[in-house]
Each structure stands twice: as C-alpha cells, then as structure tokens.
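J.: If you scroll down you'll find the structure; I have some questions about it.
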Amino acid sequence: MKNNTLTKFLLSICLFFVAATSHAENLIMTRTKQSFPEAMLKLQETIHEAGYKVSRVQRIDIGLTSSGFATDKYRIVFFSTEEEINLMSKQYPHLVPYMPWKIAIFAEEQDTLLVTSNPMSFSNKNFPGADEHLSRWKTDIEKIFDILRKSE
Amino acid sequence: MKLSIKYHFLISTLFLLVISPLQAKLNGEQLYSTHCSACHGANGHGGVGVPLALPDFQYGVTNDYLEKTIRLGRPGRVMPAFTQLKDDEITAIIKHIRTWAPGKPFQYPNKKISGNLKKGKEIYATHCAACHGAAGEGGKGTGVTFSRPRNLPVIAPALNNPGFLTSAPDMMIKTVLMNGREGTPMPSFLKQGLSEKDIDDVVTYVRSFEKQMTKEEPKAEIAPLISFESPNSLEETVANIKRAVIGKNFVIIRQQYLNEGLAEAGKENKKQIIIYFCNFNFLNRALAIDPRVGLFLPCRITAIEENGKVTVTSTNPLFMSHFFNNKELDKLCEEMHQVYVDIVEESTF
C-alpha cells in the first residue's frame, strides 16, 4: 500500500513537470543542415525506428514543375500504423481526414525544413480518449524532429 | 532502505525533468536552434523569417525590441508569440543572436516624435506604400522561403502590426528611415531627398496606425472537419466526388484506401476510400504565401461506409488556418473551405 502511494506520488510529480514543460504551439517545425535527399532518408528511417510505417510519399514538386511552376524539392511523408488507423476510424472520426499523419519536408538552399501539425491541437472535448494517442504522437514527432535537427 | 529498480527509475526521471530545463534555459544556442532556426536559419541568415545576422539589423534594433518581438510576435504575419518562453530563456536567445555581430546596438532615447500627420500621410503614400502597403499592411508573401523563386532577402514588414508598433520606439523607426537598412531594399530616405522634418512626419503617420488597431475578437469554435452523410452507395458516392472535384477545376491525382501502405497489400479496408486531388495554380498561389501549406496537401475527400451508412468527410481548412498565424493564408483557407463544402455537398446530393 505504502509502495503504491509513493509510486503515485512520484508519477504525479513527473507528470506535473512534463505538463509544465509542454506548450501550445500549433505547428512543430525544425531545420536540419542535411541536404534534402539525406534528410528525406533520415526522416523515413527515424519514423520507422519510432515504430511507425511510412505509407506513402507525395512528390509535390513534381506536380508543380510539370505544371510549369518553379519550386525546389517538396514532399509530403505520410505515416501511421495499421492499428492506429483502424482505431481512429472506429473511435475518433474527427481525426480520420487527418490520417495517416503527415510531415511536409522541403529544401531551403542547402538546408531542409520539416513541418507538421501539433497533434495536441486536434484534442477535442467530445473525444477525451484520443488525447492519450495525440500526446504520444506529439512526443514521438518531437523526438523525430530532434534527431533530424541534430543530424549533419 | 533499499529502493527497488522502479523507484530508481522514477527518481532519475524526476531528476532529469527538473534539472534538464534548468540547464537548457541557460543555453541560448540550443534554445535558438529549437525555437527560431527553422524560420531564421541556423546562423541567422533568414528564410521564412528575417535575417537576424544582418549587421545593419543587429546594430539597428535594441534588446528590448527583440524581447518584445519574441514575446508578442507579429499577429497575422507568421512570427508567433512565444508566450511559453520564460524571461531568462528569451534573454539567452537574444544573447546568442548578438554573437553574430560584435559591438553594441544603438540605444534610442525614449523620445516621442511629433510631426505633421497629414504631411506624413502624403509622404508615406509616395515613398513607402509601394513596399509596405497603402495601409502599412506589409509586403505580400509573408512566409516565402528560399525554396521558391525570390528576389528579396526580406519581405517589407507590416508597419501597422500591433507587434511591431509595440516593439519599435519612434526613434528606431526614424533612424531606419534616415539611414536605411543595408542588405535589404530599405533605402536611406535622407539620401532619397527627404528632410529630417519630413521623416518625423512619416514616423508620426506610422505611429497613428496604433489608433486603427482593432481588438481581435475571440474566434468561435471551428469544427475540425466537414462531414455529410451520403444517401447513395459507396461506389456512387465516390463517382459523385470525382465529378464534383473535376467540376471545381481540380485534377484527381490518386484514389486509395485509408489504410493502404499500412495494411498488408490486398487486405486493405475497401470501405474506406480517399480521393486525392489538386489544382496546381491554386497550390502555387498558396505556396507563394506560406511554404508550410504542405500540411493541407494534397486536397482530399474521404468516403467511408460503416454499417451500410456512407459518410463523406474532408479536413476543414478554417480549423487549421489559425495554426499558421498568416492573414494572407486565412483568405485562401476561406476559399478552400468553400470548395470543400461544395464538393462534399454535391457528392452527397
């Protein structure tokens, strides 16, 4: 009983600090000094290591240039897991049009920029159960971006 | 008392959570890298954001200006308000930014400038409006990056922006007008033939934008999606979506199952279909305004059949538009919202 109380106490303090260090930015964005091809490879590898699967890569730049518009490399990377897609479509329909999750990745001169929405911005009081998933995605995305940011 | 592994883990986690932020907030380089470098560049050479390393910028702005800018942002002009940063974290970031140009920045006397408002308005219309906008709304393409064709190192700032007006003292505006800003298209207006008195009149006019500032009304809650039930079968609904998409001058680029690429090939849920489409003209316009619009791409409608009921849904661009803090983009989001509503309505008729 005493052990349980101590565990709960320590966990609640940990949770307090996690909550205190999080903030409400709607976009998560980072820059990596890697060139676009390197960053693209690293992103896909890091997504995989975080336990997700890249379901598709949309080449936005190809469509634009073939329509006569000038642009540097610009792709959208879609990722998720089969289980999560199934769960969202059954329990959290407000998230379905946003699934699989996407990261926009584009070249800026020698660097590469990555941007995604903060999953917690999709928190909805009608679906409180989704917060557990949204919060985990946010943490995972921040880890993925942190790895990319530190990659040279 | 011997502590179990579980307690060791919890205590070390707690230690890390308490100690790490304390250490991090002293590291301006790290904080800059996390919060600023994506837009302003790793070494302050600019991108979506202004080139902070530009020597003329460094000498021309005070620490107080930088602090207020970080704290307040530029509402509607991409730069967010970093309300989550603590005072000492902002100080550390500014210290890091200052390492790019040794030497002391200007110190402006706290002096209010009082010129001729009417004359200032006329001079502004002749000399400033072409770049800064007729009402001080700033140059177009607020979030443009070097990934797009671009002739200018900076987009002319919005002088009517509450973030700018609160951060910039009169004497700073006057000094920039007098000396210009080397490395940007901003010229010295003394060299352009204006007198110091003329410049005072312009500063008075720019300051008058404060009176035109309207308080932003809190926005009503916006639904994250647009959703309609279809009276037709899934196949008919998908065919209707495609017709409606083409009717709106979009090109269908792909049809796929929701879990395609995630489920084993051949075992996808055939009752959950996504139609992706695009209008490259529209996309090019959007990317010229904000490079981050990839988060809306490609345009998409999802049709799902569950228990014999077919639902057609799309993302709601109005829901996501406020993520970007970009007023120019808000207008395109309204346009796109209407396109989605029309397509979803037409395909469920």
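Going line by line, the protein sequences match chains B and W.
Counting in my numbering, the first sequence tops out at residue 162, every number present.
Counting in my numbering, the second sequence tops out at residue 362, every number present.
Glycine included, C-beta positions come from ideal geometry on N, C-alpha and C.
Let's test the definition: count the other Cβ atoms within 10 Å of the Cβ of Ile314 of chain W and tell me whether it reaches 16, buried, or not, exposed.
T.: Taking the first residue of the second sequence as 1, we reach residue 314 of chain W at position 301. With 16 or more other Cβ atoms within 10 Å, it is buried.
J.: Helix, strand or coil, according to DSSP, for Cys49 of chain W in the structure here?
T.: Locating residue 49 of chain W in the second sequence gives position 36, counting from the first residue. Cys49 of chain W: coil per DSSP, three-state reduction.
J.: Starting from Ile363 of chain W, follow the beta strand (DSSP E) in both directions and report where the run begins and ends.
T.: Lying before the first or after the last residue shown, residue 363 of chain W is absent from chain W, which here runs from 14 to 362.
J.: Could one say the Cβ of Met349 of chain W lies closer than 8 angstroms to chain B's Cβ atoms, at least one of them?
T.: As a position in the second sequence, residue 349 of chain W is number 336, starting the count at 1. Not one chain B Cβ lies under 8 angstroms of Met349 of chain W.
J.: Residues in its own chain within less than 7 angstroms of Leu74 of chain B by CB, not counting five upstream and five downstream?
T.: For the purposes of this step, residue 74 of chain B is taken as residue 64 along the first sequence, with counting starting at 1. Counting only Cβ-Cβ distances below 7 angstroms, and skipping sequence neighbours, we find Thr81.
J.: What's the call for Ala299 of chain W, buried or exposed, on a 16-neighbour Cβ count within 10 Å?
T.: For the purposes of this step, residue 299 of chain W is taken as residue 286 along the second sequence, with counting starting at 1. Buried is the call here.
J.: Does the separation of the CB atoms of Val325 of chain W and Phe290 of chain W fall below 8 angstroms?
T.: Reading the second sequence from its first residue, position 312 is the one you call residue 325 of chain W. Reading the second sequence from its first residue, position 277 is the one you call residue 290 of chain W. In this structure, Phe290 of chain W does not lie closer than 8 angstroms to Val325 of chain W by Cβ.
J.: Identify the residues that DSSP records as bridge partners of Thr326 of chain W: which are they?
T.: What you label residue 326 of chain W is simply residue 313 of the second sequence in a count that begins at 1. According to DSSP, Thr326 of chain W bridges with W:Ser240, W:Thr315.
J.: Does DSSP put Asn282 of chain W in a helix, a strand or coil?
T.: Translated into the one-based positions of the second sequence, residue 282 of chain W becomes position 269. Correct three-state label for Asn282 of chain W: coil.
J.: Using a Cβ-Cβ cut-off of 8 angstroms, state whether Ala276 of chain W counts as contacting chain B.
T.: Here residue 276 of chain W refers to the residue found at position 263 when the second sequence is read from its first residue. It does; some Cβ of chain B falls within 8 angstroms.
J.: Between the segment 95-114 of chain W and the segment 62-73 of chain W, can you find at least three pairs of beta-carbon atoms closer than 8 angstroms?
T.: Enough Cβ pairs lie closer than 8 angstroms, so yes.
J.: Is Arg146 of chain B buried or exposed, if buried means 16 or more other CB atoms sit within 10 Å of its CB?
T.: Reading the first sequence from its first residue, position 136 is the one you call residue 146 of chain B. Arg146 of chain B comes out exposed.
J.: Hey, Thr217 of chain W and Ser127 of chain W are a contact pair by Cβ (cut 8 angstroms); roughly how many whole angstroms apart?
T.: Residue 217 of chain W sits at position 204 when you count from the first residue of the second sequence. Residue 127 of chain W sits at position 114 when you count from the first residue of the second sequence. Correct: roughly 6 angstroms between the Cβ atoms.
J.: Determine the burial state of Asp101 of chain W: buried for a count of at least 16 other Cβ atoms within 10 Å of its Cβ, exposed for fewer.
T.: As a first step, residue 101 of chain W must be located in the second sequence, where it is residue number 88. Flag for Asp101 of chain W reads exposed.
J.: List the residues of chain B that Ala51 of chain W touches, going by C-beta distances under 7 angstroms, in chain order.
T.: For this step, residue 51 of chain W is matched to residue 38 along the second sequence. In chain order: Met39, Thr40, Arg41, Leu123.
J.: When the cut-off is 8 angstroms and only beta carbons count, does His33 of chain B lie next to chain W?
T.: Counted from its first residue, the first sequence places residue 33 of chain B at position 23. Confidence is the limiting factor: at His33 of chain B the pLDDT is only 38, short of 50, which leaves the residue's position unreliable, though a coordinate-based value still follows. Yes, His33 of chain B counts as interfacial toward chain W.
J.: Ala55 of chain W touches chain B at which residues, Cβ-Cβ below 8 angstroms?
T.: Counting from one through the second sequence, the residue named residue 55 of chain W turns up at place 42. Chain B residues near Ala55 of chain W: Arg41, Lys43, Asp121.
J.: Which residues in chain B sit within 9 angstroms of Cys295 of chain W, going by Cβ to Cβ distance?
T.: The residue given as residue 295 of chain W occupies position 282 in the second sequence. Note on identity: in this sequence residue 295 of chain W is Phe, with Cys being the wrong assignment. None at all; the shortest Cβ gap to chain B is about 11 angstroms.
J.: Provide the residue(s) that pair with Phe119 of chain W in DSSP beta bridges, ordered along the chain.
T.: Indexing the second sequence from 1 puts residue 119 of chain W at position 106. According to DSSP, Phe119 of chain W bridges with nothing at all.
J.: Near Ser133 of chain W, which residues of its chain fall below 6 angstroms by C-beta distance, leaving aside the five closest residues on each side in sequence?
T.: On the second sequence, residue 133 of chain W is found 120 positions in, with the first residue counted as 1. Here residue 133 of chain W is Gly; the residue named in the question, Ser, does not match the sequence. Answer for Gly133 of chain W: Asp214, Val215, Thr217, Tyr218, listed in chain order.
J.: Using Cβ-Cβ distances below 7 angstroms, what residues of the segment 57-72 of chain B are close to chain W?
T.: Residues passing the 7 angstroms Cβ filter: Lys63, Ser65, Arg66, Gln68, Ile70.
J.: When you compare the CB of Thr328 of chain W with every CB in chain B, is at least one pair closer than 8 angstroms?
T.: Position 315 of the second sequence holds residue 328 of chain W. Chain B, which has a Cβ nearer than 8 angstroms to the Cβ of Thr328 of chain W, makes this yes.
J.: Run through DSSP, which three-state label would Val352 of chain W get?
T.: Residue mapping note: residue 352 of chain W aligns to position 339 of the second sequence, counting from 1. Here Val352 of chain W sits in helix by DSSP.
J.: Apart from the five residues just before and just after His140 of chain W, which ones in its own chain have a Cβ nearer than 8 angstroms to its Cβ?
T.: Taking the first residue of the second sequence as position 1, residue 140 of chain W is located at position 127. Cβ neighbours of His140 of chain W beyond the five flanking positions: Phe202, Gln205, Leu207, Val215.
J.: For His58 of chain B, does the count of other Cβ atoms within 10 angstroms reach 16, so buried, or fall short, so exposed?
T.: Taking the first residue of the first sequence as 1, we reach residue 58 of chain B at position 48. When all chains shown are included, His58 of chain B counts as exposed.
J.: Under 7 angstroms between beta-carbons, which chain W residues line up against Leu74 of chain B? List them in chain order, please.
T.: Taking the first residue of the first sequence as position 1, residue 74 of chain B is located at position 64. Within 7 angstroms Cβ-Cβ: Phe293, Leu296, Asn297.
J.: Determine the closest residue to Asn36 of chain B out of B:Lys43, B:Val125, B:Phe46, B:Val87, with distance taken between C-alpha atoms.
T.: Here residue 36 of chain B is taken as the residue at index 26 of the first sequence, counted from 1. Ranking B:Lys43, B:Val125, B:Phe46, B:Val87 by Cα distance to Asn36 of chain B puts B:Val125 first.
J.: Go ahead and pull the three-state DSSP assignment for Cys291 of chain W.
T.: Translated into positions along the second sequence, residue 291 of chain W becomes position 278. In the structure shown, Cys291 of chain W sits in a strand (DSSP, three-state: E or B).
J.: So, is the C-beta of Lys112 of chain B closer than 8 angstroms to a C-beta in chain W?
T.: Indexing the first sequence from 1 puts residue 112 of chain B at position 102. Taking Cβ atoms only, chain W reaches closer than 8 angstroms to Lys112 of chain B, which makes this a yes.
J.: In the segment 194-205 of chain W, which residues sit with their C-beta less than 8 angstroms from some C-beta in chain B, listed in chain order?
T.: Under the 8 angstroms Cβ criterion, the segment 194-205 of chain W contributes no residue.
J.: For chain B, is any of its Cβ atoms less than 8 angstroms away from the one on Thr188 of chain W?
T.: Along the second sequence, one-based indexing puts residue 188 of chain W at 175. By this cut-off, Thr188 of chain W is not an interface position.
J.: Here's the rule: buried if 16 or more other CB atoms are within 10 angstroms of the residue's CB, otherwise exposed. What is Leu260 of chain W?
T.: Locating residue 260 of chain W in the second sequence gives position 247, counting from the first residue. Before going on, a small fix: residue 260 of chain W reads as Gly here, not Leu. By the 10 Å Cβ count, Gly260 of chain W comes out exposed.
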